[in-house]
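In what follows, a single structure is set out as C-alpha cells and then discussed.
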Amino acid sequence: MREPFNQPPPQLGNQYDQDRVLRSYLKRALPPALLAAVEPQLQEMGELAGGELYQLQLADRLNEPVLTQWDPWGNRIDQIQLSPLWQRAEEIAARFGLIATAYQQEHGRFSRVIQFALAYLFHPSSDVYTCPLAMTDGAARTLQGSGNQPLIDRALPHLTSRDPGQFWTSGQWMTESTGGSDVGSSETVARQDEDGVWRLYGRKWFTSAASAQMALTLARPEGNGPGGRGLALFYVELKDEQGRLQNIRIHRLKEKLGTRKVPTAELTLDGTPAQLVMEPANGVRNIIPMLHLTRTWNAISAVGFMRRGLALARDYSGKRTAFGAALSRKPLHLDTMATCQAEMEAAFHLTFHLVELIGKDETGEITNDEADLMRLLTSLAKLTTGKQAVQVASEVLEAFGGAGYVEDTGLPVLLRDSQVLPIWEGTTNVLSLDALRAISKDESLEALKEKINGCLQATRSPELVSAAKLARSAVGESERWLLSTLNHPDAQNLLEAGARRFALTLGRSLALALLSDHAQWSLDVEKDRRAAAAARWFARSGINFINQMGGTDADILANDLDAPV
Numbered sequence: 206m207r208e209p210f211n212q213p214p215p216q217l218g219n220q221y222d223q224d225r226v227l228r229s230y231l232k233r234a235l236p237p238a239l240l241a242a243v244e245p246q247l248q249e250m251g252e253l254a255g256g257e258l259y260q261l262q263l264a265d266r267l268n269e270p271v272l273t274q275w276d277p278w279g280n281r282i283d284q285i286q287l288s289p290l291w292q293r294a295e296e297i298a299a300r301f302g303l304i305a306t307a308y309q310q311e312h313g314r315f316s317r318v319i320q321f322a323l324a325y326l327f328h329p330s331s332d333v334y335t336c337p338l339a340m341t342d343g344a345a346r347t348l349q350g351s352g353n354q355p356l357i358d359r360a361l362p363h364l365t366s367r368d369p370g371q372f373w374t375s376g377q378w379m380t381e382s383t384g385g386s387d388v389g390s391s392e393t394v395a396r397q398d399e400d401g402v403w404r405l406y407g408r409k410w411f412t413s414a415a416s417a418q419m420a421l422t423l424a425r426p427e428g429n430g431p432g433g434r435g436l437a438l439f440y441v442e443l444k445d446e447q448g449r450l451q452n453i454r455i456h457r458l459k460e461k462l463g464t465r466k467v468p469t470a471e472l473t474l475d476g477t478p479a480q481l482v483m484e485p486a487n488g489v490r491n492i493i494p495m496l497h498l499t500r501t502w503n504a505i506s507a508v509g510f511m512r513r514g515l516a517l518a519r520d521y522s523g524k525r526t527a528f529g530a531a532l533s534r535k536p537l538h539l540d541t542m543a544t545c546q547a548e549m550e551a552a553f554h555l556t557f558h559l560v561e562l563i564g565k566d567e568t569g570e571i572t573n574d575e576a577d578l579m580r581l582l583t584s585l586a587k588l589t590t591g592k593q594a595v596q597v598a599s600e601v602l603e604a605f606g607g608a609g610y611v612e613d614t615g616l617p618v619l620l621r622d623s624q625v626l627p628i629w630e631g632t633t634n635v636l637s638l639d640a641l642r643a644i645s646k647d648e649s650l651e652a653l654k655e656k657i658n659g660c661l662q663a664t665r666s667p668e669l670v671s672a673a674k675l676a677r678s679a680v681g682e683s684e685r686w687l688l689s690t691l692n693h694p695d696a697q698n699l700l701e702a703g704a705r706r707f708a709l710t711l712g713r714s715l716a717l718a719l720l721s722d723h724a725q726w727s728l729d730v731e732k733d734r735r736a737a738a739a740a741r742w743f744a745r746s747g748i749n750f751i752n753q754m755g756g757t758d759a760d761i762l763a764n765d766l767d768a769p770v
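Taking our numbering, I'd label the letters of the sequence shown as residues 206 to 770.
Here it is in C-alpha cells:
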C-alpha cells in the first residue's frame, strides 16, 4: 500500500551565511580587517539562530512564563518562571555581548553596527528575548548619560556584562491604565520617608520583562505639578539581598495576542524603595534616551522577523509541489515574494542607517545635520518598519497555505509577534506626531532631503536614478503639503489627520533612496543585480502617501455610517 504523502517542513541553515542582504551591507559598512575579525562571531550566531535556537524554539512552543504568587505555606512570593528558551537566550545574549558590544566600544563607531547585526540574527529565534535586551540597552544609555555616578557604578557593570552570572536586564515601567502613550497622566506617586528614601506608590498596568533585576520607571514626587514635567525618573531594584520583591505585588501576567514568552505583568508598587536618576522633575524628557534605543531595537526586530519569514518561505517553496510544479517556479508566488523581499531590503537599509548614526553620535563623530536626521529617523524607522513587518508576516503565512495557520508548524507566531511592533514603544500614530514635532524644532527635514540627494548623486544606473528621483519627488510633495497645511485656518487638525501619511512617505522615501544607493554599490563592487531589483520593485510598491484625504470625509467614515450627513 502506498504511503500517504507528508509535506516536508521548511528548514533553516546558517542564518548569516544565507543572508545576502546582511553580508553585502557589512562588506560595505565595515573596514575589511574589522569584518574579517568579527565574521566568525556572526557565523556562530547565524548557526545558533538557524540550528540549536530554532529547534529549541519549535520544541518550546507551548512553554510560557508562569507566575506563582504563593508558596505552599501561604507566603506571598510572586515568582516568575521563564521558558527554557528564554533561559538559554539570556546566556547567549550575555556571552555574545549583545549589550556589552555597544559600551565596550572596541570597534569605535562600528560597535553599534556589529551589535545590531548580532541582534538581527538572534532576534527571530529568541522568542522576543530582544524585548528585555532593548530595555537593558536603553537603561544603560540613560544611566551612562545621567551623571549619577553611584547608580552608574552600581548598575552599568551588570547591564553590560558578558558573564551570564553577572548580567542584568532592565525593565521600563511607564504604562498605566490612565494613559498608555500619554505617560504624562501617570498616577504613580513618589514620597520620601523619614530616612529620606524615595518610595513609590501606584499601579503599573503593562510592565514588560517583569523578571528583570532592575527597572527605570516614572513617578510623580508629591507636590509636583501635572503632566510629563511633573514626573521624575527613578531607578528600582526589584529584589532585596534575600531575593524578596521590594514591596512589589505582581497581580497577573498579561494574556497577549503575541510575545507570549515575554513575562508582561500588571503590578502594584506599595512603598517600593527607589532612587532618583536625575532631578525630581522632567521624567519624560530624561527617559528619552531609553526610548530612542528601544525604538531602534523595535526596528531591528521588525527586519529580523521579515527576514525569518522569507527564509522559511523560500525553503518551503522549493519543496512544495502544486499544480504540477514546485511553488518556487510559480510566477504569482514569485511576484508575491518579490514584494516581501523588497520591503525587507528597504527596511533593512533604513534601520541600519539609523544604527550607523547612533554609533557616530556615541563616538562624537556625528555632524549637526546627521544628529537632526537621527532624531527624526528614530521615529520614522520604527513606524515604517513596524507596518512592513505585519504586512510581510501576513503574506508569508499565506504563502504556506493552510500550514501557515496551524500552530504546531511554528509559523503563526511570526504574525502574532510581529503585530506588537507597530504598537510597542509608541504606536504608528503617536510616532507620526513625534516626527512632526521633531521637524518643527530642528532642521531634520532638510537633513533628510540632503541625505536623499546624496543617495541620488551616488546612483548612475538609469533605473536606480529613477528610483532615487522618485524618493526625492515624494519628499518634495510631502514638504509642500506641510507648508500649505501650516497656512490653513484649520492647520492643527489637518496636520494631525495627515501625520501618518506624511511620516510614512518620509520613511519609505528615505528607505528607497538608501536601498538605491546600496544597490549601485552592489552593482559596481559585487556585480550583483539583486539589490537593484529590490530597489526597482520597492519603488513600484507605493512610496507617496500624501493626498488631500481627511477632514470631513474622515469624520463621516470613522463615525456612525447610519447617521445623517
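We treat Cβ as the ideally placed atom computed from N, Cα and C, and that holds for glycine.
The structure displayed is predicted, hence computed values, not measured ones.
Quick check: what's the CA-CA separation for residue i versus residue j?
i, j, result
"Leu240", "Gln624", "34 Å"
"Gln480", "Asp722", "47 Å"
"Ser506", "His328", "6 Å"
"Asn698", "Ala640", "16 Å"
"Leu258", "Ser330", "6 Å"
"Phe538", "Asn503", "According to the sequence shown, residue 538 is His rather than Phe. Rounded to whole angstroms, His538 to Asn503 spans 29 Å at the Cα level."
"Arg404", "Glu630", "26 Å"
"Val566", "Arg734", "Note that residue 566 is Asp in the sequence shown here, rather than Val. Computed Cα separation, rounded: 33 Å."
"Ala808", "Gln260", "No answer is possible for residue 808: it lies beyond the span of the chain, which begins at 206 and ends at 770."
"Ala724", "Ala415", "43 Å"
"Arg685", "Gly659", "21 Å"
"Arg317", "Leu364", "16 Å"
"Arg705", "Pro494", "23 Å"
"Ser671", "Arg665", "10 Å"
"Ser366", "Arg314", "20 Å"
"Gln223", "Gln320", "19 Å"
"Leu669", "Glu561", "23 Å"
"Lys409", "Thr335", "21 Å"
"Ala736", "Asp265", "36 Å"
"Glu575", "Glu701", "26 Å"
"Thr383", "Trp278", "36 Å"
"Ala608", "Ala518", "11 Å"
"Leu326", "Val271", "27 Å"
"Pro352", "Met483", "Residue identity check: residue 352 is Gly in the sequence provided, not Pro. The straight-line gap from Cα to Cα measures roughly 8 Å."
Grouping DSSP H, G and I as helix and E and B as strand, with all else coil, what is residue i?
i, result
"Gly747", "coil"
"Leu405", "strand"
"Leu687", "helix"
"Gln248", "helix"
"Ser413", "coil"
"Ile644", "helix"
"Gln220", "coil"
"Leu720", "helix"
"Gln274", "strand"
"Leu772", "Summary: the structure shown does not reach residue 772, with the chain confined to residues 206 through 770, and so no result is reported for it."
"Glu701", "helix"
"Pro617", "helix"
I need the boundaries of the beta strand (DSSP E) containing residue i, first residue and last residue.
i, result
"Leu458", "453 to 458"
"Ile657", "Where Ile657 is concerned, there is no enclosing beta strand (DSSP E), although the alpha helix (DSSP H) it sits in stretches over 649 to 663."
"Leu481", "470 to 481"
"Ala420", "419 to 426"
Starting from residue i and walking both ways along the alpha helix (DSSP H), at which residues does that stretch end?
i, result
"Thr306", "305 to 309"
"Ala437", "Here Ala437 belongs to no alpha helix (DSSP H); instead the beta strand (DSSP E) covers 437 to 442."
"Ile563", "536 to 567"
"Arg281", "Not the alpha helix (DSSP H): Arg281 falls in the beta strand (DSSP E), residues 281 to 286."
Take residue i as the anchor and find which of the options has the nearest alpha-carbon.
i, options, result
"Ala676", "Ala663, Ser714, Tyr230, Arg465", "Ser714"
"Gln220", "Thr501, Phe557, Leu323, Thr393", "Leu323"
"Val730", "Ala234, Met579, Gln223, Pro209", "Ala234"
"Trp378", "Leu326, Pro236, Glu427, Thr473", "Thr473"
"Leu719", "Glu249, Ala739, Phe707", "Ala739"
"Ile455", "Trp726, Gln284, Phe210", "Gln284"
"Pro289", "Glu269, Asp398, Ala299, Phe553", "Glu269"
"Tyr440", "Thr341, Pro369, Pro431, Arg512", "Thr341"
"Lys459", "Leu498, Ser413, Met206, Thr501", "Ser413"
"Leu263", "Glu442, Pro215, Arg300", "Pro215"
"Met549", "Arg293, Ile357, Ile453, Leu515", "Leu515"
"Phe750", "Gly615, Ser678, Val333, Gln248", "Ser678"
"Phe411", "Gly401, Val402, Thr422", "Thr422"
"Thr189", "Gln349, Glu249, Thr589", "Absent from the structure is residue 189, since the part of the chain shown begins at 206 and ends at 770."
Is residue i near the ligand SAM, with its Cβ less than 7 Å from a heavy atom?
i, result
"Val611", "In the structure on display, the ligand SAM does not appear, and there are no ligands present to speak of."
Problem - Contiguous alpha helix (DSSP H) assignments of at least 4 residues, all confined to the region 291 to 356 - result: The region 291 to 356 contains these whole alpha helix (DSSP H) runs: 305 to 309, 316 to 327, 335 to 349.
Handout entry: Residue ranges of each alpha helix (DSSP H) within the region 572 to 613, 4 or longer
Key = Here the runs fully enclosed are 573 to 604.
Practice task
Mind listing, in chain order, the continuous alpha helix (DSSP H) runs of no fewer than 4 residues lying wholly within the region 475 to 531?
Solution key: Listed in chain order, the complete alpha helix (DSSP H) runs (minimum 4 residues) inside the region 475 to 531 are 488 to 491, 493 to 522.
Problem - Length at least 3, wholly inside the region 376 to 401: the beta strand (DSSP E) runs in chain order - result: As summarised for the region 376 to 401, the continuous beta strand (DSSP E) elements at least 3 residues long and confined to that stretch are 394 to 397, given in chain order.
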